[in-house]
Structure formats: C-alpha cells, structure tokens
Amino acid sequence: MQNFIDRLVNQQVVPVITLDNPDLAIPMAEALLAGGISILEVTLRTKNSMKVLQTLAADSRFTVGAGSVNTELQIDQSIAAGAKFLVSPGSYAPLIKAALQTGLPYLPGISTPSEILLNLNLGVEIVKFFPAKLLGGPNAIKTISAPFPSIKFVPTGNITADDYSDYLALHNVVAVGSSWMVKPELIADGDWTTITKLASLKEN
Ligand code: 3PG
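Going by numbering that gives the first Met the number 0, the letters in the sequence shown line up with residues 0 to 203, in that order.
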C-alpha cells in the first residue's frame with residue numbers, strides 16, 4: 000500500500016478514463032506515458048470498459064485500476080481483468096469489506112465525516128474525496144479531515160489544470176483524480192499530442 004501511495008504522490012494526477020473503444024486504449028495510454036503518467040483509472044461506465052481495462056492491464060508499462068466500482072461483481076470482474084487498484088464513488092460497508100479482502104489498494108468515495116469514520120473503522124487508509132469542487136474544494140478537505148489525521152485523500156470531481164495544485168498543497172492529499180487530460184473528444188479525435196501536453200502539465 001505504501002508503495003502505491005508513494006507512486007501516487009510522485010505522479011500527482013491520476014487520469015480518470017472513460018473509454019468505450021478498446022482499440023484506442025494503448026495509443027491513449029502511450030500518450031499519457033509520454034507525459035509521465037503510468038497509473039491510470041478506467042471507469043466502469045461504458046459497454047466495453049472491462050475490455051479497455053484488460054487491454055491496458057496486460058501492458059506492463061501501465062498500472063491500471065478500476066473506477067466507478069459499485070458492486071461486488073464489478074470487484075471480481077475488475078480483478079479478473081487485471082486491475083491493480085479499485086475506486087468507488089461512495090462508501091458502502093459490504094463493498095468496502097469485499098474490496099479490502101482483495102488485498103488491492105481500495106479508494107472508496109467520501110463526502111462527509113461519517114463516511115470517513117466508517118472507512119477508518121473498516122481499515123481504509125486512503126479515500127477519494129468526491130465530488131471535490133462541489134463540496135468546497137481544498138477548504139472543505141481541510142475542515143472535514145481535521146479530526147482524522149491518519150486518513151489520506153485523493154480528491155476528484157471537476158478538478159482542472161488550474162486548481163489541482165491547490166489540492167496538492169494540502170499535507171494529506173496524495174494526488175488528485177481528473178479527466179482533464181483524457182477528455183472523450185481528445186481520445187476520439189486521436190489527439191495524442193494534446194493528451195501528452197496536458198499530462199506533462201503536472202508539477203515535478
Ligand atoms: C469521477 O467521475 O471520478 C470524477 O468526476 C473525475 O472526473 P472529472 O475530472 O471529469 O470530474
């Protein structure tokens with residue numbers, strides 16, 4: 000887990016990828032890699048998302064996780080497809096327990112202190128703060144996280160190149176998640192140059 004967290008800290012931004020065409024997965028990921036990004040989150044929101052996940056997970060250059068994991072069945076399917084970490088938009092005790100049993104890093108979504116409390120007591124170390132901007136951005140994390148000094152955060156939800164560093168400035172934020180560098184239209188257009196450029200924007 001610590002190794003995974005260290006890698007997140009180093010990468011700073013995890014691209015949240017929603018893609019239906021598996022043929023575009025590798026060229027898109029290579030464009031991200033050219034910008035220094037190898038940890039990828041593939042959301043389970045499209046018909047072929049498992050195939051996209053499988054395609055990327057089969058390539059050792061990338062560390063690929065499943066996002067929008069909403070059911071135990073999706074946990075099983077994601078692992079079968081090669082996922083190396085799991086992300087959910089919210090917190091549901093049976094799902095949290097099942098995810099932790101896999102031994103993979105698991106980031107459940109939280110938006111309240113009660114959800115942090117639930118996760119803390121189930122053994123979760125790192126949570127997705129979602130939807131970050133809507134909840135008040137970095138100031139909301141500062142306030143909500145104060146009673147939970149051990150919990151680490153990956154804020155996600157309408158974070159952009161303009162404000163991600165405000166989140167990273169918080170001591171308990173290890174990275175942010177965002178789709179800003181993998182907008183569906185960029186991928187559909189095969190605009191790999193722009194994706195590489197956006198991926199390279201992160202501070203080093
Ligand atoms: C998510 O669905 O996990 C987040 O909304 C990330 O996507 P966004 O950067 O488009 O908000």
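Ideal placement from N, C-alpha and C gives every residue a C-beta, glycine not left out.
Cβ-based burial, residue i [other Cβ within 10 Å; buried from 16]
| i | result |
| --- | --- |
| K96 | exposed |
| S113 | exposed |
| A79 | exposed |
| S178 | buried |
| E208 | The chain is shown from 0 up to 203; residue 208 falls before or after that span and cannot be answered. |
| V8 | exposed |
Span of the alpha helix (DSSP H), counted from its first residue to its last, around residue i
| i | result |
| --- | --- |
| V175 | It is not in any alpha helix (DSSP H) - V175 instead sits in the beta strand (DSSP E) that spans 175 to 177. |
| K196 | 191 to 198 |
Closer than 7 Å: residue i CB and nearest the ligand 3PG heavy atom
| i | result |
| --- | --- |
| N157 | yes |
| S177 | yes |
| F84 | no |
| V123 | no |
| G66 | yes |
For residue i, the first and last residue of its enclosing beta strand (DSSP E)
| i | result |
| --- | --- |
| L39 | 38 to 42 |
| P14 | 12 to 16 |
Contacts around residue i, its chain only, beta-carbon distance under 6 Å, and the 5 residues preceding and following it disregarded
| i | result |
| --- | --- |
| L134 | S110 |
| P104 | M0, F3, F84 |
| G89 | G108 |
Per DSSP, the bridge partner or partners of residue i
| i | result |
| --- | --- |
| V86 | L106 |
| A65 | V41, L85 |
| F152 | V126, V172 |
Contact set for residue i: own chain, Cβ-Cβ below 8 Å, skip 5 residues either direction
| i | result |
| --- | --- |
| G189 | L23, P26 |
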